[in-house]
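Before any comments, here is the structure.
There are 2 protein chains.
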Amino acid sequence: MAYADQYIDKLRKSGLRPTKQRIKICEVLFDADKTFHFTIKELVKIIENQANIKVSLATVYNTVHAFMKKGYLKEIPLNASQSYYDTNVSHHHHFFDEEENKLIDIHQEDVDEVKIKRTIPGKKIRSVEVIAKIVSDNQSQK
Amino acid sequence: MAYADQYIDKLRKSGLRPTKQRIKICEVLFDADKTFHFTIKELVKIIENQANIKVSLATVYNTVHAFMKKGYLKEIPLNASQSYYDTNVSHHHHFFDEEENKLIDIHQEDVDEVKIKRTIPGKKIRSVEVIAKIVSDNQSQK
DNA sequence: TAATACATTATATTTATTCTAAACTGTTGA
DNA sequence: TCAACAGTTTAGAATAAATATAATGTATTA
Ligand SMILES: [Mn+2]
Ligand SMILES: [Mn+2]
Ligand SMILES: [Zn+2]
Ligand SMILES: [Zn+2]
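Same order as they appear, the protein sequences are chains A and B. Sequence positions in the first sequence follow this note's numbering and run 2 to 143. Sequence positions in the second sequence follow this note's numbering and run 2 to 143.
The structure is reproduced here in structure tokens:
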């Protein structure tokens with residue numbers, strides 16, 4: 002299946018018609034060699050740089066939300082004033098570099114399974130995420 | 002040391018003068034039998050209900066931030082449009098009930114130490130937090 | 001008590017996000 | 001062929017959390 006067809010497929014499955022703007026969003030999100038993390042503002046900037054298409058904020062938000070609902074994108078819980086999204090939808094964890102404000106993936110196999118001994122009656126666990134905040138290691142201070 | 006003195010102590014150590022408003026904030030935050038989680042809006046509501054003191058939003062934000070800086074409060078990373086704070090500043094983890102939008106503590110001893118095998122050169126880990134999202138367990142669906 | 005530094009407050013500002021409503025587009029079927 | 005319709009895009013407005021401002025009030029200390 003060609004890339005464009007994959008995008009059209011993802012869009013259709015998300016309940017969206019494949020329009021010029023939405024396919025451009027797909028190209029940026031799903032054509033990358035690697036998965037990546039982004040904020041909406043960053044995504045808009047990438048689109049503006051890569052294409053001569055103008056895409057409105059509203060369309061970007063709507064499309065990102067539709068993809069999230071379908072599981073093609075994940076939102077990363079971070080204490081920030083803006084949302085971070087992830088094109089890596091596999092189960093994994095994160096470092097958050099507090100100085101660079103950057104997320105770094107930690108593959109699932111690099112963390113022993115998180116075993117929680119406590120349960121809440123009537124509730125089940127839907128996901129477990131680890132966030133390790135990192136800062137510069139100034140070895141000077143021993 | 003009497004409660005009020007403890008509050009005055011906390012305030013002074015946070016670089017704040019002990020004023021009527023700030024002592025009231027302390028009463029709500031640190032006089033509870035148990036630690037708890039709150040949003041700024043909730044905190045303001047509690048103060049309004051418990052006291053006939055009016056405290057402005059600005060004062061609440063400033064005081065909460067000063068306490069955070071000093072380590073008397075923690076901010077919980079949650080994917081939400083508003084910040085959640087925690088009066089439990091010990092190292093622990095959380096359930097987040099996605100239906101009730103409520104945080105529940107998981108004591109450190111209820112989670113095996115999270116061992117991360119990957120390291121980032123020049124960086125050191127400052128904190129590791131686990132967030133387990135929970136939802137109703139409709140046992141009907143096997 | 002007076003001078004000073006700090007605090008409180010109402011209000012304005014900022015910023016991410018969501019909403020709205022008007023213009024536009026692609027599809028369908030008479 | 002083209003009118004009707006459903007869905008789309010967009011600029012701009014609305015919302016809401018958080019922060020900044022600046023005038024007024026209060027605690028501190030000499
Ligand atoms: Mn969202
Ligand atoms: Mn903050
Ligand atoms: Zn990731
Ligand atoms: Zn907690």
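Every residue, glycine too, gets a C-beta built ideally from N, C-alpha and C.
Extent of the continuous beta strand (DSSP E) run through residue i
i: Arg-127 of chain A; result: 124-137
i: Lys-103 of chain B; result: 103-107
i: Phe-37 of chain B; result: From DSSP, Phe-37 of chain B is part of no beta strand (DSSP E); its letter is neither H nor E.
i: Lys-75 of chain A; result: 75-77
i: Asp-87 of chain B; result: 85-87
Spatial neighbours of residue i in its chain, beta-carbon cut-off 7 Å, leaving aside the 5 residues before and after
i: His-92 of chain B; result: Gln-109
i: Asp-98 of chain A; result: Ile-105 and Ile-135
Cutoff 6 Å; reference residue i; Cβ partners in own chain excluding five residues on either side
i: Ile-26 of chain A; result: Thr-64
i: Ala-52 of chain A; result: Lys-25
i: Ser-128 of chain B; result: none
i: Pro-19 of chain A; result: Ile-9 and Leu-12
i: Thr-1 of chain A; result: Given a span of 2 to 143 for chain A in the structure shown, any question on residue 1 of chain A remains unanswerable.
Nearest neighbour of residue i, chosen from the options [CA to CA]
i: Phe-68 of chain A; options: A:Pro-78, A:Ala-133 and A:Arg-13; result: A:Arg-13
i: Asp-106 of chain A; options: A:His-66, A:Ile-135 and A:Arg-127; result: A:Ile-135
i: Gly-72 of chain B; options: B:Lys-21, B:Asp-87 and B:Pro-19; result: B:Asp-87
i: Asn-50 of chain A; options: A:Lys-124, A:Glu-28, A:Asn-102 and A:Thr-20; result: A:Glu-28
i: Lys-103 of chain A; options: B:Ile-117, B:Lys-118 and B:Lys-124; result: B:Lys-124
Length of the line joining the Cα atoms of residue i and residue j
i: Leu-30 of chain B; j: Lys-75 of chain B; result: 12 Å
i: Phe-176 of chain A; j: Tyr-85 of chain B; result: Outside the displayed span of chain A (2 to 143) sits residue 176 of chain A, for which this structure offers no information.
i: Asp-138 of chain A; j: Thr-120 of chain B; result: 11 Å
i: Asn-89 of chain B; j: Phe-39 of chain B; result: 11 Å
i: Ile-126 of chain B; j: Ala-133 of chain A; result: 6 Å
i: Gln-7 of chain B; j: Ser-57 of chain B; result: 23 Å
i: Lys-46 of chain B; j: Pro-122 of chain A; result: 29 Å
i: Lys-143 of chain A; j: Asn-80 of chain A; result: The predicted model places Lys-143 of chain A with a pLDDT of 43, which falls under 50 and marks its position as unreliable, so this point remains unresolved.
i: Ser-15 of chain A; j: Leu-44 of chain A; result: 19 Å
i: Gln-140 of chain B; j: Gln-140 of chain A; result: 52 Å
i: Lys-62 of chain B; j: Lys-70 of chain B; result: Strictly speaking, residue 62 of chain B in this sequence is Tyr, with Lys absent from that position. Roughly 12 Å between the two C-alpha positions.
i: Lys-116 of chain A; j: Ile-117 of chain B; result: 14 Å
Cut-off 8 Å between Cβ atoms - residues of its own chain near residue i, not counting five sequence neighbours on either side
i: Lys-42 of chain B; result: Gln-83
i: Leu-17 of chain A; result: Arg-23, Thr-64 and Ala-67
i: Glu-100 of chain B; result: Val-136 and Ser-137
Cβ distance (whole Å) where residue i is taken to contact residue j below 8 Å
i: His-94 of chain B; j: Val-112 of chain B; result: 5 Å
i: Glu-130 of chain A; j: Pro-78 of chain A; result: 7 Å
i: Tyr-4 of chain B; j: Asp-32 of chain B; result: 6 Å
i: Ile-48 of chain A; j: Lys-21 of chain A; result: Not confirmed; about 12 Å, so no contact.
Residue i: first and last residue of the uninterrupted alpha helix (DSSP H) it sits in
i: His-94 of chain A; result: Taken as a continuous stretch (DSSP letters only), His-94 of chain A belongs to no alpha helix (DSSP H), being part of the beta strand (DSSP E) at 94-98.
i: Asp-6 of chain B; result: 4-14
i: Gln-22 of chain B; result: 21-31
i: Lys-70 of chain A; result: 58-71
i: Glu-49 of chain A; result: 41-51
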